Amino acid sequence: MDNSGSSTSGTRSFEDLVAEGVAVPTEGWDFSWFEGRATEARPSWGYARSAGDRLSRATTALDVQTGGGEVFDFALSRAAAQPPMLVAATEGWPPNVAKATELLRSRGVVVVAAAEDAPLPFADAAFDLVLSRHPVRANWPEIARVLRPGGTYFAQHVGPGSAVELVEYFLGPQPDDLRNARDPERERAGAEAAGLAIVELRAERLRMEFHDIAAVVHFLRKVIWMVPDFTVEAYEPQLRALHEQIESTGPFVTYSTRHLFDVRKPTE
1 MDNSGSSTSG
11 TRSFEDLVAE
21 GVAVPTEGWD
31 FSWFEGRATE
41 ARPSWGYARS
51 AGDRLSRATT
61 ALDVQTGGGE
71 VFDFALSRAA
81 AQPPMLVAAT
91 EGWPPNVAKA
101 TELLRSRGVV
111 VVAAAEDAPL
121 PFADAAFDLV
131 LSRHPVRANW
141 PEIARVLRPG
151 GTYFAQHVGP
161 GSAVELVEYF
171 LGPQPDDLRN
181 ARDPERERAG
191 AEAAGLAIVE
201 LRAERLRMEF
211 HDIAAVVHFL
221 RKVIWMVPDF
231 TVEAYEPQLR
241 ALHEQIESTG
251 PFVTYSTRHL
261 FDVRKPTE
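In terms of full-length UniProt numbering, the sequence shown opens at residue 1 and continues consecutively.
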C-alpha cells in the first residue's frame with residue numbers, strides 16, 4: 001500500500017465501489033492498486049533494500065514463499081552488479097507460481113512449486129542466504145537444514161494481532177491464542193530450538209488506513225487469512241455499514257505488526 005492518504009471514492013455508490021473491489025485480480029503481492037485509497041506505514045528497517053544488499057554478498061540464495069516474486073525481484077535489482085551465482089524461490093499457490101516464474105526468469109531464478117508446509121525441495125546446506133517476506137509460517141528445521149554453516153536467514157514476518165481491528169470488525173472479538181499467534185518471542189524460541197542463533201529481532205506496529213470500501217473488499221480478497229470465509233455476499237451488511245462509516249467519519253484505521261529476523265546458522 002502507498003503512503004499518500006488521498007481518497008478516490010468521491011461520491012461513488014456502495015455498489016460501484018464493491019464491484020470494483022471484487023473485479024481486481026488478487027495474484028501476486030503488488031499492492032499498487034491501493035494507491036490513493038489505502039495506506040500502510042513502512043517498517044523503519046527497509047526490508048527489500050536490506051535484502052538486496054545481502055544478495056550482493058551471497059553466492060547461493062533462496063526466497064521462501066515468494067508470492068508473485070515482486071519483492072524478490074526488487075531486491076535482486078539492488079544486487080544487479082553482483083548477484084548470487086545460484087538463485088531459487090519457492091511458492092505454493094499455483095497462480096503465484098506462474099506469475100513469479102514469468103517475472104523472475106530474466107534474473108535466472110528457478111521458481112519451484114512447493115506447499116508452504118512441505119519440506120523445502122533442496123539439498124542440505126545448499127544456500128548461504130535464505131530470505132522470506134511474510135511467510136505463513138517459518139519452518140525453522142527446514143530453514144536450518146538448507147542453510148550452510150555460517151549462513152543467514154533474513155526475513156520480515158507478520159506479527160501478532162496484525163490488522164486485528166479490521167478482523168474484529170467482521171468477526172467480533174478474537175480469542176487470545178489467535179490475537180497472539182505469530183508472536184516474535186515464540187518464533188525466536190522455534191529458531192533457537194532448530195539450532196539457529198538470533199543476531200537481531202526487531203518489531204514495529206504500523207498505522208494502516210482504508211479510504212473506501214473497495215480497498216477493504218480487495219484487501220480481504222487478497223489477504224485471505226484475515227477473514228477466511230470472506231465473500232461480499234456473506235458480509236454485505238457489515239460492508240455497507242463500514243462504507244457509511246468511512247463516508248461520514250473518514251478512513252478506517254487499523255494497525256499492522258511486523259518483525260525482522262536476522263538469524264545465523266552457527267559454523268560447525
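C-beta: ideal position from N, C-alpha, C; glycine also. Owing to the predicted nature of the structure, the values given are computational and were not obtained by experimental measurement.
Taking all protein chains shown into account, decide if residue i is buried (16 or more other Cβ within 10 angstroms of its Cβ) or exposed.
i	result
Glu192	exposed
Trp225	exposed
Arg54	buried
Gln65	buried
Arg37	buried
Gly159	buried
Ala81	exposed
Gly250	exposed
Arg182	buried
Glu233	exposed
Glu185	exposed
Glu20	buried
Thr11	exposed
Ala123	exposed
Glu200	exposed
Pro95	exposed
Val146	buried
Val109	buried
Pro83	buried
Arg49	exposed
Check each candidate in the options and name the one with the smallest Cα separation from residue i.
i	options	result
Val24	Glu209, Gly172, Phe230, Val217	Val217
Ala189	Leu220, Val112, Ala138, Ile213	Ala138
Gly150	Met85, Asp177, Ala126	Ala126
Ala203	Gly161, Asp229, Val232	Gly161
Gly46	Arg57, Ala38, Arg133, Pro119	Arg133
Leu129	Leu62, Gly108, Glu247, Pro135	Leu62
Glu268	Phe219, Phe210, Ala144	Ala144
Val253	Glu168, Asp176, Pro173, Ile198	Glu168
Ile198	Glu247, Ile246, Asp262	Asp262
Ile246	Glu27, Glu209, Tyr235	Glu209
Phe31	Val223, Tyr235, Glu236	Val223
Trp33	Phe219, Glu102, Glu236	Phe219
Following the continuous alpha helix (DSSP H) through residue i, name the residue where it begins and the one where it ends.
i	result
Pro184	184-193
Ser106	First-last for Ser106: undefined, no H or E at that position.
Phe127	Phe127 -> not in any alpha helix (DSSP H); beta strand (DSSP E) instead, spanning 127-133.
Ala51	47-55
Glu35	Element bounds for Glu35: n/a, residue is neither H nor E.
Leu171	164-171
Glu116	Where Glu116 is concerned, there is no enclosing alpha helix (DSSP H), given that its DSSP letter is neither H nor E.
Ala23	14-23
Ala215	213-222
Phe230	Looking at the DSSP string, Phe230 is not in any alpha helix (DSSP H), and its letter there is neither H nor E.
Val71	70-78
Asp124	That residue, Asp124, is in no alpha helix (DSSP H); it is neither H nor E in DSSP.
Arg137	Segment: none, Arg137 is in no alpha helix (DSSP H) and carries neither H nor E.
Arg179	176-179
List the whole-angstrom C-beta distance separating residue i from residue j, where the pair is believed to meet the contact cut-off of C-beta under 8 angstroms.
i	j	result
Arg221	Phe230	7 angstroms
Pro119	Glu142	6 angstroms
Leu166	Arg264	The pair is not a contact, with the Cβ atoms about 35 angstroms apart (cut-off 8 angstroms).
His157	Glu187	7 angstroms
Gly67	Ala98	Not confirmed; about 12 angstroms, so no contact.
Trp140	Ala194	4 angstroms
Val136	Arg107	About 24 angstroms separates the two Cβ atoms, so there is no contact after all.
Excluding the 5 residues flanking residue i on each side, which residues of the same chain have their C-beta closer than 6 angstroms to its C-beta?
i	result
His243	Phe14, Ile213
Gln238	Phe170
Arg148	Ala125, Asp128
Can you give me the Cβ contacts of residue i inside the same chain, cut-off strictly under 8 angstroms, excluding the 5 residues immediately before and after it?
i	result
Leu206	Glu40, Ala41, Arg42, Pro43, Tyr255, Ser256, Thr257, Arg258
residue 276	The structure shown does not extend to residue 276, since the chain is modelled only from 1 through 268, so no value can be given for it.
Asn3	Here Asn3 scores only 49 on pLDDT, less than 50, and its place in the model should not be relied on; the value that follows carries that caveat. So the list reads Thr39, Glu40, Ala41, Arg42, once near-sequence residues are dropped.
Leu17	Ser9, Asp212, Ile213, Ala214, Val217, His243
Cutting at 7 angstroms between CB atoms, please list the residues of its own chain near residue i, excluding the five before and the five after it.
i	result
Leu104	Gly69, Phe72, Asp73, Ala89, Val111
Ala51	Ala75, Leu131, Phe154
Arg179	Pro160, Gly161, Val164
Pro121	Val112, Ala114
Leu171	Val227
Thr26	Arg221, Lys222
Determine the extent of the beta strand (DSSP E) in which residue i is found, giving its start and end residues.
i	result
Gln156	147-158
Asp262	252-264
Ala89	86-91
Val199	197-210
Thr249	Not the beta strand (DSSP E): Thr249 falls in the alpha helix (DSSP H), residues 236-249.
Ala61	60-63
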